[in-house]
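Below is one structure; the comments refer to it alone.
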Ligand code: AVI
């Protein structure tokens with residue numbers, strides 16, 4: 518359904534607010550309205566995501582943690598001697614503790630660079646992990662943070678990059694490959710990547726995980742409209758939108774949408790736009806792609822890596838894949 522939108526002149530905003538305003542305006546004026554999933558993570562959104570990871574229906578984070586805990590020493594045995602760990606999207610660093618602790622048994626000095634957009638999550642990460650590593654938080658995008666680490670790289674010591682939690686699944690598949698290639702070009706041969714990816718499983722389990730009965734995922738999704746209201750002077754009435762999670766079989770992904778319950782018009786004063794919604798029309802807010810274990814080998818090869826080993830969780834099918842840059 519084409520969007521009916523009108524534009525006036527833009528008001529001055531700081532750089533990140535201007536990027537947010539431009540992204541929101543562009544997304545809400547597409548035929549299928551969309552808001553990029555990176556915008557879900559303001560401070561409240563990051564806290565709601567942290568709450569999601571504790572939900573009984575969302576088995577993904579527990580599977581990731583279990584694999585890292587149970588196989589930390591096997592993973593260490595396959596890594597070159599390294600004391601430098603970079604984590605893309607660390608959040609509070611909860612999943613990372615067992616890996617850092619295992620590394621710390623072999624090396625006295627571990628330098629850990631968590632990269633995240635949430636300052637709050639990074640502060641907690643620093644507090645909790647500084648007893649076991651020398652923590653250098655970077656509040657940046659993944660590749661900008663990675664560039665900062667690479668700039669400071671002095672010795673020939675290999676890097677271990679962690680990209681856990683199946684965040685790779687939030688990229689469209691071609692964008693995931695492009696991102697992994699960009700990451701590879703920031704690395705040297707012999708560097709390692711530990712990549713966590715959620716596997717295809719029964720759609721009913723996935724739908725429960727992304728539309729939990731306590732409504733935490735709904736609050737996480739709706740908070741995006743709250744954020745637009747707070748930061749872009751919008752007048753979204755959150756009660757007039759409904760959280761939806763759908764399984765898209767052909768793309769093997771869960772899609773999150775916000776569905777307008779009624780026909781309505783919303784104004785965003787800070788980016789000078791008004792947007793009309795038909796009853797039932799949706800804003801697409803996130804895709805969460807699911808993988809087959811074999812796919813990891815093809816992806817690694819296409820992006821300049823070799824798979825060293827993989828570990829799969831049986832309770833909640835999820836794969837931890839250790840790659841070496843070639
Ligand atoms: C961060 N990311 C891997 C989560 C996921 O499962 O796609 C975000 C999320 N969205 C809804 N629930 C959790």
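Residue numbers (our numbering): 518 to 843.
Glycine residues also receive a C-beta, built at the ideal position from the N, C-alpha and C atoms.
Suppose the cutoff is 6 Å on Cβ atoms and the five residues either side in sequence are ignored; what does the same chain contact list for residue i look like?
| i | result |
| --- | --- |
| residue 620 | 627 |
| residue 650 | 617, 627 and 629 |
| residue 542 | 788 and 790 |
| residue 833 | 576 and 580 |
| residue 582 | 612 |
| residue 763 | 772 |
| residue 726 | 574 and 575 |
| residue 525 | Summary for residue 525: the model assigns pLDDT 31, below 50, so the residue's position carries little reliability; its value from the coordinates is reported in the next sentence. The residues are 789. |
Provide the residue(s) that pair with residue i in DSSP beta bridges, ordered along the chain.
| i | result |
| --- | --- |
| residue 826 | 839 |
| residue 819 | Note: residue 819 sits in no beta bridge, so no partner. |
| residue 603 | 630 and 678 |
| residue 804 | 772 |
| residue 652 | 629 |
| residue 709 | 677 and 841 |
| residue 777 | 758 |
Taking only three categories from DSSP, how would you classify residue i?
| i | result |
| --- | --- |
| residue 702 | helix |
| residue 762 | strand |
| residue 677 | strand |
| residue 539 | helix |
| residue 580 | helix |
| residue 696 | helix |
| residue 613 | helix |
| residue 618 | helix |
| residue 570 | coil |
| residue 743 | helix |
| residue 717 | coil |
| residue 636 | helix |
| residue 798 | coil |
| residue 812 | helix |
| residue 751 | strand |
| residue 551 | strand |
| residue 595 | helix |
| residue 575 | coil |
| residue 558 | coil |
| residue 737 | helix |
| residue 533 | helix |
Rounded to whole angstroms, what is the Cα-Cα separation between residue i and residue j?
| i | j | result |
| --- | --- | --- |
| residue 624 | residue 601 | 10 Å |
| residue 761 | residue 740 | 14 Å |
| residue 778 | residue 584 | 41 Å |
| residue 804 | residue 774 | 9 Å |
| residue 705 | residue 668 | 13 Å |
| residue 654 | residue 639 | 6 Å |
| residue 538 | residue 749 | 7 Å |
| residue 556 | residue 563 | 10 Å |
| residue 785 | residue 745 | 8 Å |
| residue 592 | residue 566 | 27 Å |
| residue 680 | residue 800 | 28 Å |
| residue 633 | residue 747 | 22 Å |
| residue 829 | residue 767 | 23 Å |
| residue 685 | residue 838 | 12 Å |
| residue 670 | residue 606 | 20 Å |
| residue 646 | residue 724 | 33 Å |
| residue 641 | residue 692 | 30 Å |
| residue 535 | residue 622 | 46 Å |
| residue 690 | residue 812 | 11 Å |
| residue 509 | residue 648 | Lying before the first or after the last residue shown, residue 509 is absent from the chain, which here runs from 518 to 843. |
| residue 713 | residue 678 | 11 Å |
| residue 615 | residue 643 | 15 Å |
| residue 553 | residue 836 | 25 Å |
| residue 656 | residue 609 | 12 Å |
Ignore the nearest five residues each way along the sequence and tell me which others in residue i's own chain have a CB closer than 7 Å to its CB.
| i | result |
| --- | --- |
| residue 823 | 817, 840, 841 and 843 |
| residue 518 | Reliability fails at residue 518, whose pLDDT of 31 lies under 50, so the model's placement of it is uncertain and the value that follows must be treated cautiously. Closer than 7 Å at Cβ, skipping near neighbours: 548, 795 and 798. |
| residue 769 | 717, 806 and 807 |
Going along the chain, which residues of its own chain have a beta-carbon closer than 8 Å to the beta-carbon of residue i, five neighbours each way excluded?
| i | result |
| --- | --- |
| residue 743 | 561, 753 and 755 |
| residue 701 | 820, 821, 822 and 842 |
| residue 703 | 660, 663, 664 and 667 |
| residue 825 | 595, 709, 839, 840 and 841 |
| residue 707 | 597, 675, 841 and 842 |
| residue 586 | 615 |
| residue 589 | 615, 616, 618 and 619 |
Does any residue of chain C bring its CB to less than 8 Å from the CB of residue i?
| i | result |
| --- | --- |
| residue 799 | Given the protein chain composition of this structure (a single chain), no chain C is represented. |
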